[in-house]
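Enquirer:
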Amino acid sequence: PIPCVPWQSQTSGQEFQSKRLRMTVVSRDEEGRIFVYCKGADAKILPDQESGTGIIDPKQSDLVNVTVAHMDEFATAGSRILVVGYRKLGPQECSEFMRLYLNAANAIEHRQDRIEDAFNAIENNMRLLGCTAVEDQIQDGVVETIKDFKKARIKVMMLTGDKMETAVTIGQTLA
């Protein structure tokens, strides 16, 4: 078996990808416990009863409801939202993950897909930590540029992957 706890504190990580809309890190704490942490878009993290998607344990409905209310409040204020969850990995599960991950990381063909599969196997039944809200500053010159476009009667369309409330608030700020 592959040892679960390498010497470093962060054992592996899956960077944020637009396809997955999340990133995940496996880490060891000072007491030697292994945890998996995941942050990403609410649509990928929070449980959805209708589609059966999400990586947060659906038994946390009260906390999910409070978090969704906070997300709506933050999005209405124009902030970008991420949801965060975690769970502890047991020694056997961690060893199996490390085996899959190391095999995937050393694969010549379909490396990225195999790495994603390794992470997908541990991204489930997580505990919800909450959400983060970051104010996305409008870059210098954007407001003036949009005013110039409008003055020249050029239509402006805003495309975003953010929540609708965030997009509306930013659009109103720029109008």
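Just so we're aligned, residue 57 is where the sequence shown starts under the numbering used here, counting upward by one. Note that CB positions come from ideal geometry on N, CA and C, so glycine has one too.
How would you label V212, buried or exposed, when you count the other beta carbons within 10 angstroms and need 16 or more for buried?
Expert: exposed
Enquirer: Using the C-alpha atoms, what's the distance from K144 back to T201?
Expert: 49 Å
Enquirer: For T229, which option in V92, I90, A208 and A133 has the closest C-alpha, if you only look at C-alpha atoms?
Expert: For T229, the nearest C-alpha among the options comes from A133.
Enquirer: Identify the continuous alpha helix (DSSP H) that holds R115 and give its terminal residues.
Expert: Arg is not the amino acid found at residue 115; the sequence shown has Lys there. Careful: K115 lies outside any alpha helix (DSSP H) and carries neither H nor E.
Enquirer: When you compare the segment 114–125 with the segment 79–90, are there three or more beta-carbon pairs, one atom per stretch, that lie closer than 8 Å?
Expert: Below 8 Å, too few C-beta pairs join the segment 114–125 and the segment 79–90 to call them touching: fewer than three.
Enquirer: Is it the case that the Cβ atoms of E221 and A125 are separated by a distance below 7 Å?
Expert: no
Enquirer: Who are the Cβ neighbours of S135 in its own chain at under 8 Å, not counting the five residues just before and after it?
Expert: Scanning its chain for C-beta atoms nearer than 8 Å, with the 5 sequence neighbours on each side dropped, one finds around S135 the residues A189, V190, E191, D192 and T222, in chain order.
Enquirer: Straight-line CA distance for E149 to Q116?
Expert: Across the structure, E149 and Q116 are spaced so that their CA atoms are roughly 23 Å apart.
Enquirer: Let me know the secondary structure DSSP gives L102 once reduced to three states.
Expert: In the structure shown, L102 sits in coil (DSSP, three-state: anything other than H, G, I, E or B).
Enquirer: From the DSSP output, in three-state form, read off E17 for me.
Expert: Absent from the structure is residue 17, since the part of the chain shown begins at 57 and ends at 231.
Enquirer: If we ignore side chains and look at the alpha-carbon of each, how far apart do Q66 and K206 end up?
Expert: Confidence at Q66 is low in this model, with a pLDDT of 49, below 50, so the placement of that residue should be treated as unreliable; the coordinate-derived value is given next. Using only the alpha carbons, I get a separation of about 50 Å.
Enquirer: What does a CB cutoff of less than 6 Å around Y93 pick up in its chain, not counting 5 residues either side in sequence?
Expert: Correct list, in chain order: V81 and Y142.
Enquirer: Could you check the C-alpha separation between F153 and A160 for me, to the nearest Å?
Expert: 10 Å
Enquirer: Can you give me the Cβ contacts of R183 inside the same chain, cut-off strictly under 8 Å, excluding the 5 residues immediately before and after it?
Expert: Counting only Cβ-Cβ distances below 8 Å, and skipping sequence neighbours, we find I112, D113, Q116, G141, Y142 and R143.
Enquirer: Using the C-alpha atoms, what's the distance from Q168 back to I194?
Expert: 33 Å
Enquirer: Give me, in chain order, the residues of the same chain whose beta-carbon lies closer than 8 Å to that of C187; leave out the 5 immediate sequence neighbours on both sides.
Expert: D98, T123, H126, M127, F130, I137, L138, V139 and V140
Enquirer: Ends of the beta strand (DSSP E) at S83?
Expert: Taken as a continuous stretch (DSSP letters only), the beta strand (DSSP E) holding S83 covers R78 to R84.
Enquirer: For G108, count neighbouring Cβ atoms within 10 angstroms of its own Cβ and tell me buried if that reaches 16, exposed if not.
Expert: exposed
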